[in-house]
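Counted from 1, the sequence shown has number 205 at position 190 by this note's numbering; the numbering is strictly sequential.
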Amino acid sequence: MVPLSMFKSVIIFASILLLASAEDGKCPPSFDCGFLGLIKFPFTSTLRPHCGVLPIRGCEDYNAYAPKTIQLIKSSTSTSYPVLQVEPRTIVIRDDYQYKNIRNRSCKAFSNNITLPHTSPLASFYIKYNITIFRCNHSLNIPVPKIFNKYSTCSEYNIYYGPANTEMPRGYQRPSSLAPCSTIQHAVVDKCSDDPFQCLSGDTAIEVQLSEDCEECLAHRRGQCQLDSEGKFYCAKEDRNLAWKLGLGIGLPGIIIIGLLIICYYKLRCASDVYSNPHLESASIYFGVPVFTYKDLKIATKSFDRSRELGEGGFGIVYYGKLHDGREVAVKRLYEHNYRRVEQFMNEIKILTRLRHKNLVSLYGCTSRHSHELLLVYEYISNGTVASHLRHESTNPGFLGWPIRLKVAIETATALAYLHASDIIHRDVKTNNILLDNTFCVKVADFGLSRLFPNDVTHVSTAPQGTPGYVDPEYHRCYQLTSKSDVYSFGVVLIELISSMPAVDMTRHKDEINLADLAVRKIQKSAIHELVNPSLGFESNSDVKRKITSVAELAFQCLQRDKELRPSMDEVLEVLKRIESEKDESGHLEKIIVRGEGISHSDVLPLPPPSPDHDEVKLLRNMKLAPSPKAVTEKWDSQSTSPNVSAESSSQI
Numbered sequence: 016m017v018p019l020s021m022f023k024s025v026i027i028f029a030s031i032l033l034l035a036s037a038e039d040g041k042c043p044p045s046f047d048c049g050f051l052g053l054i055k056f057p058f059t060s061t062l063r064p065h066c067g068v069l070p071i072r073g074c075e076d077y078n079a080y081a082p083k084t085i086q087l088i089k090s091s092t093s094t095s096y097p098v099l100q101v102e103p104r105t106i107v108i109r110d111d112y113q114y115k116n117i118r119n120r121s122c123k124a125f126s127n128n129i130t131l132p133h134t135s136p137l138a139s140f141y142i143k144y145n146i147t148i149f150r151c152n153h154s155l156n157i158p159v160p161k162i163f164n165k166y167s168t169c170s171e172y173n174i175y176y177g178p179a180n181t182e183m184p185r186g187y188q189r190p191s192s193l194a195p196c197s198t199i200q201h202a203v204v205d206k207c208s209d210d211p212f213q214c215l216s217g218d219t220a221i222e223v224q225l226s227e228d229c230e231e232c233l234a235h236r237r238g239q240c241q242l243d244s245e246g247k248f249y250c251a252k253e254d255r256n257l258a259w260k261l262g263l264g265i266g267l268p269g270i271i272i273i274g275l276l277i278i279c280y281y282k283l284r285c286a287s288d289v290y291s292n293p294h295l296e297s298a299s300i301y302f303g304v305p306v307f308t309y310k311d312l313k314i315a316t317k318s319f320d321r322s323r324e325l326g327e328g329g330f331g332i333v334y335y336g337k338l339h340d341g342r343e344v345a346v347k348r349l350y351e352h353n354y355r356r357v358e359q360f361m362n363e364i365k366i367l368t369r370l371r372h373k374n375l376v377s378l379y380g381c382t383s384r385h386s387h388e389l390l391l392v393y394e395y396i397s398n399g400t401v402a403s404h405l406r407h408e409s410t411n412p413g414f415l416g417w418p419i420r421l422k423v424a425i426e427t428a429t430a431l432a433y434l435h436a437s438d439i440i441h442r443d444v445k446t447n448n449i450l451l452d453n454t455f456c457v458k459v460a461d462f463g464l465s466r467l468f469p470n471d472v473t474h475v476s477t478a479p480q481g482t483p484g485y486v487d488p489e490y491h492r493c494y495q496l497t498s499k500s501d502v503y504s505f506g507v508v509l510i511e512l513i514s515s516m517p518a519v520d521m522t523r524h525k526d527e528i529n530l531a532d533l534a535v536r537k538i539q540k541s542a543i544h545e546l547v548n549p550s551l552g553f554e555s556n557s558d559v560k561r562k563i564t565s566v567a568e569l570a571f572q573c574l575q576r577d578k579e580l581r582p583s584m585d586e587v588l589e590v591l592k593r594i595e596s597e598k599d600e601s602g603h604l605e606k607i608i609v610r611g612e613g614i615s616h617s618d619v620l621p622l623p624p625p626s627p628d629h630d631e632v633k634l635l636r637n638m639k640l641a642p643s644p645k646a647v648t649e650k651w652d653s654q655s656t657s658p659n660v661s662a663e664s665s666s667q668i
């Protein structure tokens, strides 16, 4: 163990060197800012406010996960905003007041405005993703302009708003009819509909646009952008003075050696004792989300009463709770408090703080990882899981009609496509993780197994994890996780929506225990009717029959054993939307499945011919597959290439 005296010596020694290098105002190229990582100009820490345009408070805190805040206006009374993320020229902050207004659907959300820093000779500031809100007096009675929406529930004014500014048509001019109205810009997170609260965000991405002089100073003169005492710009050139050189020559070897010892010390301490910093439980922000105390959540769930259990997540039990402010929440209580659970706990927080989408469950907060127990707090989704609706049809037959099931498929695909566009693989897509609200809108949940997937790699090598019946067989076999692993799992979900059968059923024949195996065999043998839930009207409604058959085609492609033959989630979403709008054309699906050179048609799982008994069932017609020696009226035998995930464990992998 490294003695405390050595730490003091290192701190004193490092301070002397820092003073030597900074005595005439020089700025290091980057600063360590805890969980935000290394930050660079135009951002800085409050210890060196002259080294950037936006100083972040808390970077120097001993606890790396302590809240980081920023004041956009230099004033003792200005608001401090939690900092969620820092990118090279963008900082993401959270406005808790606005977040509350949006959650409570309060019209104050249309009045609350973040005041950006004033433009200076160094930089100007903009809300990166924004929407312009027009507030108009009721007496004006303005007609709704083209591509705009109107919200008239507020007592003092009507609200008019169009698409996000980034989606406005090029050269679009503000409607003259809205000229008498006041305007305000808000952060936006999603495409706007007739509900403005769905697109407003309490998280704001502020973009810093450096002035031409500053860009020139940084790029060509390799200097530092500074303001003199009169507030005028100048480019400070680096001056490697003698003190800096002496400090490096004398102290650098010693600092490297002692620094390595310190790193080893902290790694050992973090790995051996997750309770070492209990005061964190009283912190207000953790990884950008509010922190709840264990005591408050215990009260909210009535001491985790079993009657309040909503279900089980990937690594914990979920309870219904009611906070002291009246909010209904779902509280996930982790099974164990060990290193792996802490890792999954932190992973889910990191993932969800990056995301905001109408089809993803919202994270309200958590306990500290040093709390008595690890708890995650989500918005409460009252209508249960898709799985629960599918499994209880015997007591309420046909409760989820086909239009709702198709809507569930589209909204789930929308959420997964959004995740993949954000470089995230869910890794546990299943009907138990698809929640429904009272209007049967989808909320995808449970991100404990999710992984960030850098867009410059083809796969992530990791031990297979997931739920039996849904795990991509290629991932299970090769330990290579890709976005196509989610596509396979979603294919199982599509079959569940068609059939109402569980993904794994030990009472079925041993070759059909896995629903994926069963579905592939039925589709190959032109026996889709044996797979479909009779209550959906497959035999009595030709429109339903056509759409279910098209979804079965799509599910079949998602379940291809070779990941290269599966469509992407964007392509899956596109096909589902075409099916819903009755514009689905088999030629389009062909473009998805057989794309590019090097894919042999013989590698694609063989598909059945059209059934002579049902002319409207034209499964993948015009598909350019290798010709079959069998007559088109014969059923096709299952091939050895059919998916087989029955080797998976019967418990969570």
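Note that the Cβ used here is the ideal one computed from N, Cα and C, for glycine as well.
Nearest-angstrom Cβ-Cβ length linking L225 and P57, presumed shorter than 8 Å: Within the sequence shown, numbered from 1, the residue matching residue 225 stands at position 210. Within the sequence shown, numbered from 1, the residue matching residue 57 stands at position 42. Confirmed, about 7 Å.
CA-to-CA distance, K458 to S192, given in whole angstroms: As a working note, residue 192 is residue 177 in the sequence shown. As a working note, residue 458 is residue 443 in the sequence shown. Their Cα atoms are separated by approximately 38 Å.
Cα-Cα separation, R321 to Y334: The residue labelled residue 321 in the question sits at position 306 within the sequence shown. The residue labelled residue 334 in the question sits at position 319 within the sequence shown. Each residue's alpha carbon lies about 8 Å from the other.
Stretch pair the stretch 226-242 + the stretch 149-156: three plus CB contacts closer than 8 Å: no
With 16 other Cβ atoms within 10 Å as the buried cut-off, status of I88: Position 73 of the sequence shown, counting from 1, holds the residue named residue 88. That one is exposed.
Separation of K247 from Q239, as counted between CA atoms: Numbered from 1 along the sequence shown, position 224 holds the residue referred to as residue 239. Numbered from 1 along the sequence shown, position 232 holds the residue referred to as residue 247. Q239 and K247: Cα-Cα distance of roughly 14 Å.
Cβ neighbour criterion (16 or more within 10 Å) applied to R671: With the chain covering only 16 through 668, there is no way to say anything about residue 671.
Proximity winner among R323, D210 and K317, relative to H177 (alpha-carbon distances): Residue mapping note: residue 177 aligns to position 162 of the sequence shown, counting from 1. A small correction: the amino acid at residue 177 is Gly; His does not occupy that position in the sequence shown. Taking only the C-alpha atoms, the option nearest G177 is D210.
Cut-off 6 Å between Cβ atoms - residues of its own chain near G49, not counting five sequence neighbours on either side: Mapped onto the sequence shown, residue 49 falls at position 34. Around G49: A79.
Cross-strand partners of H201 (DSSP beta bridge): Within the sequence shown, residue 201 is the residue found at index 186, counting from 1. Paired residues: I146.
Member of N173, L591, V107 and P43 whose CA lies at the smallest distance from the CA of A432: Locating residue 432 in the sequence shown gives position 417, where the first residue counts as 1. When each option's Cα is compared against that of A432, the closest is L591.
I71 classed as buried or exposed, judged by whether at least 16 other C-beta atoms fall within 10 angstroms: Locating residue 71 in the sequence shown gives position 56, where the first residue counts as 1. Looking at its Cβ environment, which holds 16 or more other Cβ atoms inside 10 Å, I71 is buried.
One or two residues paired with C151 in a DSSP bridge: In the sequence shown, counting from the first residue as 1, residue 151 sits at position 136. According to DSSP, C151 bridges with N173.
Inter-residue spacing [alpha-carbon to alpha-carbon] between Y175 and E394: Sequence index remark: in the sequence shown, residue 175 carries index 160 (1-based). Sequence index remark: in the sequence shown, residue 394 carries index 379 (1-based). Taking the straight line joining both Cα atoms gives about 28 Å.
Sequence-distant residues of its chain with Cβ nearer than 6 Å to L261 (five each side left out): For this step, residue 261 is matched to residue 246 along the sequence shown. Note that L261 has pLDDT 47, beneath the 50 cutoff, so the model's placement of it is unreliable and no number is given.
Other residues of its chain near C74: CB distance less than 8 Å, five sequence neighbours each side excluded: Here residue 74 corresponds to residue number 59 of the sequence shown, with the count starting at 1. So the list reads F46, D47, C48, G49, L51, I54, S60, T61, L62 and K83, once near-sequence residues are dropped.
Contacting residues, own chain, Cβ-Cβ under 8 Å from R610 (five flanking each side not counted): Along the sequence shown, read from residue 1 onward, the residue named residue 610 stands at position 595. Confidence is the limiting factor: at R610 the pLDDT is only 37, short of 50, which leaves the residue's position unreliable and the question unanswerable from this model.
Backbone secondary structure at A298 - three-state DSSP: Numbered from its first residue, the sequence shown carries residue 298 at position 283. Here the model assigns A298 a pLDDT of 44, short of 50, so the residue's position is not dependable and the matter cannot be decided.
Between the CA atoms of A534 and E343 - distance to the nearest angstrom: Walking along the sequence shown from the start, residue 343 turns up at place 328. Walking along the sequence shown from the start, residue 534 turns up at place 519. Using only the alpha carbons, I get a separation of about 39 Å.
Span of the beta strand (DSSP E) around A251: The residue given as residue 251 occupies position 236 in the sequence shown. Its beta strand (DSSP E) spans residues F248 to A251.
Close Cβ partners of K112 (< 7 Å) along its chain, the five nearest in sequence each way excluded: Locating residue 112 in the sequence shown gives position 97, where the first residue counts as 1. The amino acid occupying residue 112 in the given sequence is Tyr; Lys does not appear at that position. Taken in chain order, the residues that qualify are N127.
Residue nearest to P136 in terms of C-alpha spacing, selected from F455, H235 and V223: Translated into positions along the sequence shown, residue 136 becomes position 121. Nearest of F455, H235 and V223 to P136, Cα basis: V223.
Validate contact between the stretch 498-511 and the stretch 573-587 using beta carbons, cut 8 Å, 3 pairs: yes
Residue span of the alpha helix (DSSP H) that contains N164, given as start and end: By 1-based counting over the sequence shown, the position of residue 164 is 149. Run containing N164: none in the alpha helix (DSSP H); it sits in the beta strand (DSSP E), N164 to Y166.
8 Å Cβ cutoff met for I332 and E324: For the purposes of this step, residue 332 is identified with residue 317 of the sequence shown, where counting begins at 1. For the purposes of this step, residue 324 is identified with residue 309 of the sequence shown, where counting begins at 1. Contact flag set, yes.
Status (buried if at least 16 other CB within 10 Å, exposed otherwise) for K161: What you label residue 161 is simply residue 146 of the sequence shown in a count that begins at 1. It counts as exposed.
Uninterrupted beta strand (DSSP E) stretches inside the stretch 413-452 (no shorter than 3 residues): 449-451
Beta-carbon gap between V423 and I440 smaller than 8 Å: Numbered from its first residue, the sequence shown carries residue 423 at position 408. Numbered from its first residue, the sequence shown carries residue 440 at position 425. Going by C-beta atoms, V423 is not nearer than 8 Å to I440.
Beta-carbon proximity list for P190, same chain, < 6 Å, skipping 5 on both sides: The sequence position of residue 190 within the sequence shown is 175, counting from 1. Excluding sequence neighbours, P190 sits near P160.
Rounded C-alpha distance that separates Q200 from I146: For the purposes of this step, residue 200 is identified with residue 185 of the sequence shown, where counting begins at 1. For the purposes of this step, residue 146 is identified with residue 131 of the sequence shown, where counting begins at 1. Taking the straight line from one Cα to the other gives about 6 Å.
Counted within 10 angstroms of its Cβ, other Cβ atoms place P582 as buried (16 or more) or exposed: The residue labelled residue 582 in the question sits at position 567 within the sequence shown. Burial call: buried.
Coil, strand or helix - Q188 by DSSP: If you number the sequence shown from 1, residue 188 lands on position 173. If DSSP states are grouped into helix, strand and coil, Q188 belongs with coil.
Proximity winner among E595, Y309, D585 and E589, relative to K562 (alpha-carbon distances): On the sequence shown, residue 562 is found 547 positions in, with the first residue counted as 1. Of E595, Y309, D585 and E589, the residue nearest in Cα terms is E595.
Option in I85, D218 and C250 with minimal Cα separation from K143: Locating residue 143 in the sequence shown gives position 128, counting from the first residue. Of the listed residues, the one whose Cα sits closest to K143 is D218.
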